[in-house]
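Quick mapping for you: the protein sequence lines, in order, are chains Y and B.
0 is the number of the first residue of the first sequence in numbering that gives the first Met the number 0; add one for each residue after it.
0 is the number of the first residue of the second sequence in numbering that gives the first Met the number 0; add one for each residue after it.
Accompanying notes for the structure given below.
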Amino acid sequence: MNSDALNVLLADDDEDDRLLFKEALGELKVKTNVVLLNDGVQLMNFLNDPATLLPDIVFLDLNMPKKGGMQCLQEIRSDKKLKDLSIAIYSTSASEKDIEETFIKGANVYIKKPNDFSSLKKILTEVISMKWQYHTSGLNKEHFLLSL
Amino acid sequence: MKLINISPIYILGLFIISVFLLFFISSISYQQIKSLDESGKLVARTKDINAELEHLYGLIEFAQSTQRGYLTTNDLAYLDPYYSVPNKIDTCIHNLRLLMADNVHQQANLNVITVLIHRKNASLEDEVSAKKNNISNAELVTQIQFGNLLMDSIRVKINDMNSLELKSLQSREKEHAHDVKLTPKSTLVLLFFSLFIFIFSFYKINKDRINLKKINNQLLITKETFEHAEQIAEISNWSWDIDKNKLSFSNNQYRLLGCQPHEFTPSVENFLEFVHPDDRAIILEGNNRVLADAQPSVSYFRIIRKDGKQRYFKSLGKLISDSYGKKIMIGINSDITDQYNKDKTLEEKVFELERSNNELSAFNHVASHDLQEPLRKIQTFISRIETSDLENLSERGKDYFKRIVSAANRMQVLIDDLLMFSRTNKANKVFEISDLNELLSSSKQELMQSIDEKSANVTSDRLPTINVIPFQIRQLFFNIIGNSLKYSKAEIIPEINITSKLVSGKDIPDANTANDKPYYKISITDNGIGFEPKYADSIFNLFNRLHEDKEYSGTGIGLTICKKIVENHKGFIRAQGFPDKGSIFDFYLPVD
Numbered sequence: 000m001n002s003d004a005l006n007v008l009l010a011d012d013d014e015d016d017r018l019l020f021k022e023a024l025g026e027l028k029v030k031t032n033v034v035l036l037n038d039g040v041q042l043m044n045f046l047n048d049p050a051t052l053l054p055d056i057v058f059l060d061l062n063m064p065k066k067g068g069m070q071c072l073q074e075i076r077s078d079k080k081l082k083d084l085s086i087a088i089y090s091t092s093a094s095e096k097d098i099e100e101t102f103i104k105g106a107n108v109y110i111k112k113p114n115d116f117s118s119l120k121k122i123l124t125e126v127i128s129m130k131w132q133y134h135t136s137g138l139n140k141e142h143f144l145l146s147l
Numbered sequence: 000m001k002l003i004n005i006s007p008i009y010i011l012g013l014f015i016i017s018v019f020l021l022f023f024i025s026s027i028s029y030q031q032i033k034s035l036d037e038s039g040k041l042v043a044r045t046k047d048i049n050a051e052l053e054h055l056y057g058l059i060e061f062a063q064s065t066q067r068g069y070l071t072t073n074d075l076a077y078l079d080p081y082y083s084v085p086n087k088i089d090t091c092i093h094n095l096r097l098l099m100a101d102n103v104h105q106q107a108n109l110n111v112i113t114v115l116i117h118r119k120n121a122s123l124e125d126e127v128s129a130k131k132n133n134i135s136n137a138e139l140v141t142q143i144q145f146g147n148l149l150m151d152s153i154r155v156k157i158n159d160m161n162s163l164e165l166k167s168l169q170s171r172e173k174e175h176a177h178d179v180k181l182t183p184k185s186t187l188v189l190l191f192f193s194l195f196i197f198i199f200s201f202y203k204i205n206k207d208r209i210n211l212k213k214i215n216n217q218l219l220i221t222k223e224t225f226e227h228a229e230q231i232a233e234i235s236n237w238s239w240d241i242d243k244n245k246l247s248f249s250n251n252q253y254r255l256l257g258c259q260p261h262e263f264t265p266s267v268e269n270f271l272e273f274v275h276p277d278d279r280a281i282i283l284e285g286n287n288r289v290l291a292d293a294q295p296s297v298s299y300f301r302i303i304r305k306d307g308k309q310r311y312f313k314s315l316g317k318l319i320s321d322s323y324g325k326k327i328m329i330g331i332n333s334d335i336t337d338q339y340n341k342d343k344t345l346e347e348k349v350f351e352l353e354r355s356n357n358e359l360s361a362f363n364h365v366a367s368h369d370l371q372e373p374l375r376k377i378q379t380f381i382s383r384i385e386t387s388d389l390e391n392l393s394e395r396g397k398d399y400f401k402r403i404v405s406a407a408n409r410m411q412v413l414i415d416d417l418l419m420f421s422r423t424n425k426a427n428k429v430f431e432i433s434d435l436n437e438l439l440s441s442s443k444q445e446l447m448q449s450i451d452e453k454s455a456n457v458t459s460d461r462l463p464t465i466n467v468i469p470f471q472i473r474q475l476f477f478n479i480i481g482n483s484l485k486y487s488k489a490e491i492i493p494e495i496n497i498t499s500k501l502v503s504g505k506d507i508p509d510a511n512t513a514n515d516k517p518y519y520k521i522s523i524t525d526n527g528i529g530f531e532p533k534y535a536d537s538i539f540n541l542f543n544r545l546h547e548d549k550e551y552s553g554t555g556i557g558l559t560i561c562k563k564i565v566e567n568h569k570g571f572i573r574a575q576g577f578p579d580k581g582s583i584f585d586f587y588l589p590v591d
C-alpha cells in the first residue's frame, strides 16, 4: 500500500458502481488506495476493527441491504472514534428528503451518482482535492450538494 | 302570525264592573218596588182607619139615636140594641189602636176620643136613668144638650184624626212620586251603560273568537305544512313529559319506523323495541346526557323498521321548560340512511383514491430510483465505451451505438420530466410573495447553455411581484422558454419576449369566469416554428407531441406541467400558434 496515497473507502451494494468507482479513481492523477465494501454491516465491522487504518474519505451509498447508508452515517457520527471521518454521500437519489436528512445527520458532502464516466472522474477529483475543513464545519448547506 | 294578547286583568275588570252594575240596578229596582209596596199599604191603612173611625162614629150615633128613641117613646125595646153598642165600640177602638200602632200622635188622639166616648156613654146612661126616674123635661134637655156637645167634640176629633191620616198619606205619596220620578232616569242611564258594556264585551269576545279562529286556521295550515315537510325531509319530532313519563310522536315518527301513525302507544320502551339491540344503550346514554347537562345532545343509532329493514337515525334531544315550568324533553329524529350510504360510498371512493395515490407514489419511487439506476449505468458504460472503445467497433456497430446513446438519453429526459410532473402534482405548495423578475432570471440562468448555443435574444418587461409557489413558477418559465428555444427556427436568431399586463377575469378567453377579479397576464412570444391553431388546446395534454421530427424531440410532458402549475395557482394558460411564424403562450395568475 502506497503511504502517500489517499485512503478512500466505498460502501455500495452495486457491483457495477463499485467497478466504475474503482476505474474512475484509477484514472485520476491523485494516488489513492481504495477499499470496496458491499453493505453497511461490512462497513461498520471494518471501521470498528482496531486493526483498520481509518480512511480519509468514506463514500457512502444510501440504499444498501442489511444496513443502509443513513444508519451507518448515524452510527459513525455518534461514535467517539469515528465521528470525525469525512463522509461523502454517494447516491442515485437526489431527493430533497435524503439531502436534508443526511445534511442534518452530519454528512460532509452529497454526490448524486453521475451518468457518464467523465463526470464521475471530475466529481471524484473535486471531492478528493476538497478543503475538508470547510465541509467538516457542517454549516455550509449551499455547497453540500455537489453539482458539476 | 299575529297572536292576540288579552290581559286577564282587563277581562276581570270588565266582569267586576258588569256584576257591580247588575247588583246596583237590581237593588235600585228592589228599593223602588219596596217603596211602592209600602205606599200602597199605607193608602190601604189610611182608608181602613178612615172607615173604622166612621164606623166608630156611626156606632155612637146609633147608640144615641136608639137612646133618643127610648127617650121619646119610653119604649124599653129601643134600649136592647143600645146595650150592645159599648162592646162594639171597644172592638172598634181596639182595631184602631192596632192600625195606628206606629203613630204616637194618633195614639194620643185615640186616647182623647176614647175618653170622650166614655163620657158620651156615661152621658147617655145618665139620660136613660133620668128618664127612668122621671126627671123633669127641662133637666133632661140640659143633659141632652150636654150630650150633644160631647157628640160634636167626638165628631171634631174624628175629623182631626181623619185629616191627620190623610195628610200623612199625602206627604208619603209626594215622596213616593219623587222617587218614582227620579228612579226611571237613573235606571235608564244604568241600563244603557250596562247594555253598552255588554255589547262591547260581546263585540270584543266575538272579535277575539274570530281572530282565534283565524289563528287556529293558520296553525292548522302550519301543522299540515310541517307534517308534509317532515315526510319529505324524513324527519320526525317527539316530546317527552319526564314527570309523567309520557311520550308523544309526530305522525312521521311512526312512518319512519315503518308503521301507520298511532299504530302503537308511544313510550320509551316501545321505541326501544325498534332500535338495534346494540344501539339501545346509545339512546339511554343520550337521554341521560340531556337530563344531566341540560345541553342539546346528538346521538346516532340504527333502527330496525317494522318491515325488518335497517335504517340509520340521527337524533337531537333538548330539554325545555313549558309555560308551567314543567321539564319536557323534545327532539328531532332524522333518517340519515341515504346520507349515510352516500358517505359510505364516498368513504370507499376516498379509500380507493388513497390507495391508487399510494400506488402512484410507489410508481414514482420506481421511476425515480429503480428505473434511474440501471439507466444511469447504461449511460455511464456508454460513456466508457465512447471514450475508450468506440474505435474498435465496425461502422455498423458505431451506428447502432449512436442509436443506443440517443435512446438512452431520451429515456433519461422522459424519466426526468415524469418526475417533474408528479412533483408538480404533489409537492408542498407553499405560496410566497415573489418577484417574478427574479424567478424569470433564475430560469434563464438554467437555460443559459441553450440560449448561448442558439444565440437567442430573451427580453422581458418589468414583471409584477405576486403570491406564488416560487419553484413552480421558475419551472413554468423554464418550460415555456425552453420550449421556445427547442422549437426555434434554425435560420434566424430566436427572439423571445416576455410581457406583463393587468387584465380582468372576464377577458380571459374560454375561462368561464364570470368574475371581474384582476389577473396578471404574462405573455411569452417567440418567432419559432409555431404550430397549427387547431392544436392550441391539445398541446397541453399529457404525452401529446406535435412534432414527430427527430430534430424537435420532446416528451410531451413539459406543457402539461405548465398547465398543472398554472392550475395550482388558480390561473389559466392559453397558447396561440402561427405556423412558421411563432407562438404565444399566455398565462394568467390572479393578482391576489
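Glycine residues also receive a C-beta, built at the ideal position from the N, C-alpha and C atoms.
The structure presented is a predicted model; accordingly, all values stated were derived computationally and were not measured.
Inset, instruction - Give every residue of the same chain whose Cβ lies closer than 6 Å to the Cβ of N526 (chain B), excluding the five residues on either side of it in the sequence, and list them in chain order. - result: E494, G581
Inset, instruction - Would you list the one or two residues that DSSP bridges to G12 (chain B)? - result: DSSP output for G12 (chain B) lists no bridge partner at all.
Legend entry - Secondary structure of A87 (chain Y), DSSP reduced to three states: strand
Inset, instruction - Anything in chain B within Cβ reach of D115 (chain Y), meaning under 7 Å, just list it in chain order. - result: Q378, T379, S382
Inset, instruction - Indicate whether at least one CB of chain B lies closer than 8 Å to the CB of K112 (chain Y). - result: yes
Legend entry - Per DSSP, the bridge partner or partners of M328 (chain B): B:W239, B:L318, per the DSSP bridge assignment.
Legend entry - For Y109 (chain Y) and I98 (chain Y), believed in contact at Cβ under 8 Å, the rounded distance: Confirmed, about 5 Å.
Legend entry - Three-state secondary structure assigned by DSSP to L2 (chain B): With a pLDDT of only 48 at L2 (chain B), under 50, the local geometry of the prediction cannot be trusted, and the value read off the model is given with reservation. Three-state result, L2 (chain B): coil.
Legend entry - Interface residues of chain Y facing T386 (chain B) [CB-CB closer than 8 Å]: The answer, in chain order, is F116, S117.
Inset, instruction - Note down, in chain order, every chain Y residue with its Cβ under 7 Å from the Cβ of R375 (chain B). - result: T91, K112, N114
Inset, instruction - Consider the Cβ of E372 (chain B): report whether some Cβ of chain Y lies at a distance smaller than 8 Å. - result: yes
Legend entry - Residues sharing a beta bridge with S333 (chain B), DSSP: B:I234, B:K313
Inset, instruction - Throw me the rounded Cβ distance for the N251 (chain B) and S235 (chain B) pair, which I believe falls under 8 Å. - result: Between S235 (chain B) and N251 (chain B) the Cβ distance is about 4 Å, and since that is below 8 Å, they are a contact.
Legend entry - Where the beta strand (DSSP E) through S459 (chain B) begins and ends: 456-459
Legend entry - Ranges of the alpha helix (DSSP H) found wholly within the segment 412-450 of chain B, counting only runs of at least 4: 435-445
Legend entry - D78 (chain Y) versus L5 (chain Y) - alpha carbon distance: 23 Å
Inset, instruction - Anything in chain B within Cβ reach of D15 (chain Y), meaning under 7 Å, just list it in chain order. - result: K376
Legend entry - Through-space distance from S440 (chain B) to R461 (chain B), alpha-carbon basis: 12 Å
Inset, instruction - Can you tell me which of B:C258, B:Q63, B:G481 puts its alpha carbon nearest to the alpha carbon of M150 (chain B)? - result: Ranked by how close their Cα comes to the Cα of M150 (chain B), the residues B:C258, B:Q63, B:G481 have B:Q63 in first place.
Legend entry - Nearest to S296 (chain B) (by Cα), restricted to the options B:R279, B:K401, B:S322, B:I331: Of the candidates B:R279, B:K401, B:S322, B:I331, B:I331 places its Cα closest to the Cα of S296 (chain B).
Inset, instruction - Check the Cβ-Cβ distances between Q338 (chain B) and every residue of chain Y, and say whether any is below 8 Å. - result: no
Inset, instruction - Leaving aside the five residues before and after A121 (chain B) along the sequence, list all residues of the same chain whose C-beta is less than 7 Å from its C-beta, in chain order. - result: none
Legend entry - DSSP beta-bridge partners of Y109 (chain Y): Y:I88, Y:L144
Inset, instruction - Give the straight-line distance between the Cα atoms of Y56 (chain B) and I134 (chain B), rounded to the nearest whole angstrom. - result: 28 Å
Legend entry - For T464 (chain B): DSSP bridge partner residues: Under DSSP, the beta-bridge partners assigned to T464 (chain B) are B:D434.
Inset, instruction - Have a look at I3 (chain B) and N269 (chain B) and give me their C-alpha separation to the nearest angstrom. - result: With a pLDDT of only 49 at I3 (chain B), under the threshold of 50, the placement of this residue in the model should not be trusted, and no figure is reported.
Legend entry - Sequence-distant residues of its chain with Cβ nearer than 8 Å to L109 (chain B) (five each side left out): I92, L95, R96, M99, M160
Legend entry - Neighbour flag for L19 (chain Y) against chain B, beta carbons, 8 Å: yes
Legend entry - Pair within 8 Å by beta-carbon distance, Y69 (chain B) and K166 (chain B): no
Legend entry - Y518 (chain B), buried or exposed, once every other Cβ within 10 Å from all chains shown has been counted against 16: The residue in question, Y518 (chain B), is buried, as its Cβ has 16 or more Cβ neighbours within 10 Å.
Inset, instruction - With a threshold of 7 Å, establish whether the CB of I495 (chain B) neighbours any heavy atom of the ligand ADP. - result: This structure lacks the ligand ADP; in fact it carries no ligand of any kind.
Legend entry - Test: V471 (chain B) CB closer than 8 Å to a CB of chain Y: The residue you asked about is not Val; residue 471 (chain B) is Gln in the sequence shown. It does not: the Cβ of Q471 (chain B) has no partner Cβ on chain Y nearer than 8 Å.
Legend entry - Unbroken alpha helix (DSSP H) run spanning P589 (chain B), endpoints: No alpha helix (DSSP H) holds P589 (chain B); the beta strand (DSSP E) holding it covers 581-589.
Inset, instruction - Under 8 Å by Cβ, that's how I've got F354 (chain B) and F116 (chain Y) pegged, so tell me the actual separation to the nearest angstrom. - result: Here residue 354 (chain B) turns out to be Arg, not Phe, going by the sequence shown. Going by Cβ atoms, the distance from R354 (chain B) to F116 (chain Y) rounds to 42 Å, so no, they are not a contact pair.
Inset, instruction - Report the option in B:P80, B:I329, B:T72, B:F23 whose CA atom is closest to the CA atom of I241 (chain B). - result: B:I329
Inset, instruction - Along the alpha helix (DSSP H) that carries R383 (chain B), what are the first and last residues, could you check? - result: 371-387
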